[in-house]
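Positions 7 to 182 (the numbering used here) are the ones given, in order, by the sequence shown. We put the CB at the ideal spot given by N, CA and C, even for glycine. Predicted model only: the values in this text are computed from it and were never measured.
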Amino acid sequence: MVQYRKLTAEEINRELFRDFIRHQVVTMCWRKEEGAWVIKEDPFVDNWSEEDYARLISCLKNTGASGGFLYGAFVEGALKGFASVEPELFGGEQKYLDLTSIHVSEDQRGNGIGAALFEAAKEWAREKGAKKLYISAHSSVETQVFYGKMGCVEAEVYCQKHVEEEPCDCQLECRV
7 MVQYRKLTAE EINRELFRDF IRHQVVTMCW RKEEGAWVIK EDPFVDNWSE
57 EDYARLISCL KNTGASGGFL YGAFVEGALK GFASVEPELF GGEQKYLDLT
107 SIHVSEDQRG NGIGAALFEA AKEWAREKGA KKLYISAHSS VETQVFYGKM
157 GCVEAEVYCQ KHVEEEPCDC QLECRV
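Laid out in structure tokens, this is it:
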């Protein structure tokens with residue numbers, strides 16, 4: 007049985023991710039070419055290094071300390087999914103809040119954890135006055151299928167910071 011709860015900045019550390027498996031085999035990705043979205047072959051394996059975990063932990067701690075949303079999914083006491091939303095509205099009339107992370111451990115994908123995390127993030131964003139979540143999302147076909155099921159579409163206004171940091175990501179939005 008999955009248990010969901012808010013996380014605090016104080017509990018974010020490397021040990022929390024001990025049983026989290028960030029592994030994704032990617033073969034096909036969405037790419038925007040000449041203004042049109044196409045699927046291209048781009049095989050790679052996405053794993054997090056210790057450096058990646060250190061960066062993630064730092065970002066999540068900052069999100070929590072600044073009043074953002076941190077939410078976790080636990081199976082038998084082990085973290086198996088998490089989401090984070092930054093607390094600052096941006097994008098003018100779009101009134102975006104930034105869904106900076108949503109990840110599910112490889113051994114728990116397909117069990118509804120991602121959808122539950124996404125819905126919790128939407129609810130929190132709505133309570134904070136946002137109109138939409140903004141997502142700079144992994145471009146893999148599988149990941150984009152998930153976001154499509156959640157009601158995401160291409161963002162009306164792109165966040166330039168995200169485009170520069172991850173030029174292959176798909177810039178999405180979702181009404182809250």
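- Ranked by Cα distance from V81, the first of D175, V159, V163 and L22 is L22.
- Here the segment 47-55 makes no contact with the segment 65-73; the two share fewer than three CB pairs at distances below 8 Å.
- The segment 153-165 and the segment 53-67 do not touch, with fewer than 3 CB-CB distances between them shorter than 8 Å.
- Residue state for C174 is assigned as coil, using DSSP reduced to three classes.
- For Q9, the CB contacts under 6 Å within the same chain, skipping 5 residues up- and downstream, are F80 in chain order.
- R24 is bridged by DSSP to nothing; it lacks a bridge partner.
- Collapsing the DSSP output to three states places Y77 in a strand.
- Comparing C-alpha distances from L139 to each of C174, R181, E160 and E170 shows the shortest one belongs to R181.
- In terms of Cβ geometry, S145 and F26 do not form a close pair [threshold 9 Å].
- Comparing alpha carbon positions, the residue from E99, G97 and I18 closest to R61 is I18.
- Out of E40, K155, T14 and E133, the CA that lies nearest to the CA of G116 is found in K155.
- DSSP, read as helix, strand or coil, puts C165 in coil.
- Residue state for T106 is assigned as strand, using DSSP reduced to three classes.
- Check the Cα spacing between A143 and each of Q114, E133 and E179: the tightest is with E179.
- Inclusion of L103 and K67 in the CB contact set at 9 Å is not warranted, their separation being larger than that value.
- In the DSSP assignment, I141 is bridged to L178.
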